[in-house]
């Protein structure tokens, strides 16, 4: 179900809502087409789910198109994705042909709407080639790259960059994720939707029901890391940190994630995690289905402290989600966690299990700090990482593109 | 425009929003690279790292008001350099080129004092950025100083930034928009313009600056300060 601007206004406040309306005023009637590769599942679909209705409510004519393809196409784009993130991949001529044939077939279907649009926003590499297949473009084309392409596989990058160099601009989530292209590259951080199942307010009853379901004790401190079972998320390091507490504070640890069963490496990491737990009944390892958004929401809200001790991380939206729920975060000193966790303000940045244990001890012995940091964290997210800010920056960029980006200052 | 028309011109409250872009330079991994990049970067890039920091989310100590000082302190771990860079007030220079020269002087002096080149730990590079500021009209008009004092508490940080900070780069005599407007008014505004000019805004956050402006203008209106 789509939420409306007044529902968001109740959370973000009238000043932020009015700012959105003012930026959008000069874009009224602009035809905006977003293209990605799936309507359900994944971060991009989640963003478009709230962004399209809000753009329309603000007076733009926004629509959402999805690339249709066969398994060979999606296997190829999965290889692109992995290669862009720096993994070793094999890219054969046959795979390239499968990609190009699929995008060409989609271009035949989408060309009229894309060429007439005032703004076309292409998400990630899957639909990237549409640009060159729509030669009579009327509007501005934006490549929105949601993944970290700072150290890509060279062959994959050479291919993808040849498809995106012709765009008017590109957008990356962080400066560290960007890579040089033949056009301006803008930085727009991701955000969370405060009204989604992952983040919406829950009743005490709902939270308690979730705790009871997993036999987690409501009356003991809960330390929680939400992430898939992946070595980069360092679940073993979290268990080591927990064990360094030696039972102090009578705390419990929850490691909740999903998606490992069909992933050979994930399954291996899960085995390592279970070995490290050594039957300790204070540690709850939960395998959750991909749509367990409300369960994760409840676990985060029930937690005393959230841990995200990643060794390598993208932006780290689980950190944003936790902070929105009034929780201090003990986070790994990496990636986007560094933008969100500010030492002694919204939590602590740590580099080792020892560091994590030290900060857990500090916070559990100072409940006042937990509350103060949680309040600061929530306010920080409200100001900077809710979806209205991401939408405002997108609209600002579109306004800039319409008025010309050559000047430092763009006035009406 | 006649003097009477100027006197009666309302003040249009504008707001702005920034989008940040890569400046197109390679990142700096050490102090020598920082020096090289600063010597060639676009002036918009200098403006961003010195002046637009105020409109970005931060919990940083305002003593380090610019990104170069922060990077020197946090990543290069060179507190001496950080203190020297932090002491630069970009608004004291007639041009951004002069600001560039002063910044380079400090960095070059520090390099000459050291037997080694300070490096940032892996991954903590300095990314050179610049911003595009898009300005829009809020539709709110101010006709008198009393109006200004009533409206200031409702202004967004974007409006405060645009009219009081960014204006210095835009207006002919390098002052804020309120002062330009007040100077054209028939009302006796000299003491208020003087008080505004004395605000040492560079080391204030936008929230602190807004409160200072409210106190200053309200003080003038009520006559408590300038009666």
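Chains as they are written, first to last, in my numbering: chain A, 598 to 1009; chain B, 2 to 228.
Cβ atoms here follow ideal geometry from the backbone N, Cα and C, with glycine treated the same way.
One finds nothing in chain B with a Cβ atom closer than 8 Å to the Cβ of residue 945 of chain A; even the nearest lies about 13 Å away. When C-alpha distances from residue 155 of chain B are compared across B:142, B:40, B:167, the shortest belongs to B:142. Among the bridge pairs identified by DSSP, residue 881 of chain A is matched with A:851. Between residue 139 of chain B and residue 619 of chain A, the C-beta spacing is below 8 Å. If only uninterrupted beta strand (DSSP E) runs of at least 3 residues are considered, those enclosed by the segment 940-992 of chain A are 944-947. In terms of beta-carbon proximity, residue 780 of chain A stays away from the interface with chain B, with every pair separated by 8 Å or more. Annotation for residue 893 of chain A: 823 place their beta carbon closer than 6 Å to its own, counting only its chain and skipping 5 residues before and after. Residues of the segment 950-961 of chain A with a Cβ closer than 9 Å to any Cβ of chain B: none. For residue 162 of chain B, no chain A residue has a Cβ inside 8 Å of its Cβ, as the nearest lies near 12 Å away.
According to DSSP, residue 31 of chain B shares a beta bridge with B:120. Taking a Cβ-Cβ threshold of 8 Å, the residues of chain B close to residue 616 of chain A are 16, 18, 157, 159, in chain order. Only buried fits residue 937 of chain A, as 16 or more other CB atoms lie within 10 angstroms of its CB. Counting C-beta pairs closer than 8 Å gives three or more between the segment 650-669 of chain A and the segment 626-638 of chain A, which meets the contact rule. For the segment 173-188 of chain B, the beta-carbon criterion of a distance under 8 Å to any beta-carbon of chain A is satisfied by none of its residues.
Annotation for residue 782 of chain A: no alpha helix (DSSP H) segment contains it, though the beta strand (DSSP E) segment containing it runs 782-784. For residue 10 of chain B, not one C-beta of chain A is nearer than 8 Å to its own C-beta. When only Cα atoms are considered, residue 895 of chain A and residue 907 of chain A end up about 22 Å apart.
The three-state secondary structure of residue 741 of chain A, taken from DSSP, is strand. Residue range 832-840 is occupied by the alpha helix (DSSP H) that includes residue 834 of chain A. In the DSSP annotation of this structure, the continuous segment of the beta strand (DSSP E) that includes residue 23 of chain B starts and ends at 12-23. Excluding five sequence positions before and after residue 91 of chain B, the CB atoms of its chain that fall closer than 6 Å to its own CB belong to 51, 52, 100, given in chain order.
Here residue 76 of chain B has 121, 122, 125 as same chain residues with Cβ atoms under 7 Å from its own Cβ, once five neighbours each way along the sequence are excluded. Around residue 84 of chain B, the same chain offers no residue with a beta carbon nearer than 6 Å, after the five sequence neighbours per side are excluded. At a cut-off of 8 Å between beta-carbon atoms, residue 997 of chain A makes contact with chain B. The C-beta of residue 791 of chain A has 16 or more other C-beta atoms within 10 Å across all chains shown, which makes the residue buried.
Here residue 786 of chain A is buried. Its C-beta has 16 or more other C-beta atoms within 10 Å.
One alpha carbon belongs to residue 700 of chain A, the other to residue 694 of chain A, and they sit about 10 Å apart. Between the alpha carbons of residue 983 of chain A and residue 116 of chain B lies a gap of roughly 47 Å. Looking at the DSSP output, residue 130 of chain B shares a beta bridge with B:23.
As for any alpha helix (DSSP H) of minimum length 4 sitting wholly inside the segment 903-935 of chain A, the runs are 914-921, ordered along the chain. With three or more CB-CB distances shorter than 8 Å, the segment 664-676 of chain A counts as touching the segment 695-714 of chain A. Residue state for residue 140 of chain B is assigned as strand, using DSSP reduced to three classes. In this model, residue 686 of chain A and residue 814 of chain A are separated by some 45 Å (Cα to Cα).
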